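The sequence shown: position 57 = 56 (numbering that gives the first Met the number 0), numbered continuously.
Beta carbons: idealized from backbone N, C-alpha and C, even for Gly.
Since this is a predicted model, take the numbers as computed values, not measurements.
To start, the structure under review is shown below, and the notes come after it.
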Amino acid sequence: MKNLLQQKFHQFHNAIKLDNPQGRKELTDKRKQLVEALQKALWMPIKPFDQGSHAIKTGICSSNGRDVDVGLEFEFTKNKKDPVELKKEVQQVLKRIAKGAKSIELKDPCIQVAYKNYHVDFALYAQDPNPNTKSLMLAWGKSPKAKDKGWISSD
Numbered sequence: 000m001k002n003l004l005q006q007k008f009h010q011f012h013n014a015i016k017l018d019n020p021q022g023r024k025e026l027t028d029k030r031k032q033l034v035e036a037l038q039k040a041l042w043m044p045i046k047p048f049d050q051g052s053h054a055i056k057t058g059i060c061s062s063n064g065r066d067v068d069v070g071l072e073f074e075f076t077k078n079k080k081d082p083v084e085l086k087k088e089v090q091q092v093l094k095r096i097a098k099g100a101k102s103i104e105l106k107d108p109c110i111q112v113a114y115k116n117y118h119v120d121f122a123l124y125a126q127d128p129n130p131n132t133k134s135l136m137l138a139w140g141k142s143p144k145a146k147d148k149g150w151i152s153s154d
């Protein structure tokens, strides 16, 4: 039983680790390229940060390849901007700067920039206006008319 459990753990570990130096470099380089281009092209400062599997040096392999999850913190409170409007503005900038992308789609929690073997997910955040918290609020939704759009706590 112990050997079987150890074998299963190794299979799982091999499936999620980013051990392919070229694959890891391609993901990291694309993330860096897009973040730097966004920082130059957007109308206000952003603070990028790694999140999800990429933040812990692992990877998730989905039907469209590996992914990189990037948080973008905007320097305003959630009351200053409609979350879907913000996502659409960032999507338009990504359409100009994301060379070689197959698609750039709004998803409820993020904007997904898809390439041949991987995709980069950008989740957009703003500060909670409550001065007693330091929470980031996630821009949720993909349609301006959606009933479930809004800023949701990322805690």
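Alpha-carbon spacing of residue i relative to residue j, whole angstroms
{"i": "T27", "j": "L123", "result": "19 Å"}
{"i": "A40", "j": "K86", "result": "14 Å"}
{"i": "A97", "j": "A125", "result": "23 Å"}
{"i": "F121", "j": "P143", "result": "18 Å"}
Nearest-angstrom Cβ-Cβ length linking residue i and residue j, presumed shorter than 8 Å
{"i": "Q69", "j": "V34", "result": "According to the sequence as given, residue 69 is Val; it is not Gln. Their Cβ separation, rounded to whole angstroms, is 7 Å, which keeps V69 and V34 in contact under 8 Å."}
{"i": "V119", "j": "V67", "result": "5 Å"}
{"i": "K94", "j": "I103", "result": "5 Å"}
Unbroken alpha helix (DSSP H) run spanning residue i, endpoints
{"i": "K86", "result": "P82 to I96"}
Residue range of the beta strand (DSSP E) that includes residue i
{"i": "L41", "result": "That residue, L41, is in no beta strand (DSSP E); it is neither H nor E in DSSP."}
{"i": "S102", "result": "S102 to L105"}
{"i": "Y117", "result": "Y117 to Q126"}
{"i": "S152", "result": "G149 to S152"}
{"i": "A138", "result": "L135 to W139"}
Sub-8 Å separation of residue i and residue j beta-carbons
{"i": "K31", "j": "W150", "result": "no"}
{"i": "M43", "j": "E72", "result": "no"}
{"i": "S134", "j": "D107", "result": "no"}
{"i": "D169", "j": "M136", "result": "The chain is shown from 0 up to 154; residue 169 falls before or after that span and cannot be answered."}
Beta carbon proximity, residue i to chain C, threshold 8 Å
{"i": "I151", "result": "Of the protein chains in the structure, only one exists, and it is not chain C."}
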